[in-house]
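Quick note: the sequence shown uses the numbering used here, first residue 90, plus one each step.
The beta carbon of each residue, even a glycine, is placed where N, CA and C say it ideally should be.
Predicted model only: the values in this text are computed from it and were never measured.
This report refers to the structure that appears directly beneath it.
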Amino acid sequence: MKRGKTIIFVLITLSVIYINIQGIINNLLNKKYIVNEITDSHTEKSLNGIYKAIDLDYNSFRWIILINTIYILILAIYILYVNNKRKMSV
């Protein structure tokens, strides 16, 4: 049972790391798009594209922060549970 829990936490950790890396990559691509739009043209269409990219950037990081917060809370609760269980058994 202990090995199964360890495997589950490793898989969840790898998933959270993957989501973080994807968020960073998307953020960098959005920043590249914003810089290209600013340097290429100053039309109203490009400004609307920049605003959309900034909104997308904010939304992606908001989700990443939410997922990380939930994961850290679950991990902290599990660590407290294991600690409490060890104290009770001693």
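Beta-carbon gap between residue i and residue j smaller than 7 Å
i	j	result
Ile156	Gly112	no
Tyr160	Val99	no
Ser149	Asn109	no
Heavy atom of the ligand MG within 6 Å of residue i beta-carbon
i	result
Asn148	Judged by which ligands are present, the structure shown has none, so any question about the ligand MG falls away.
Buried or exposed by the 16-neighbour rule on C-beta atoms within 10 Å, applied to residue i
i	result
Asn173	exposed
Asn119	buried
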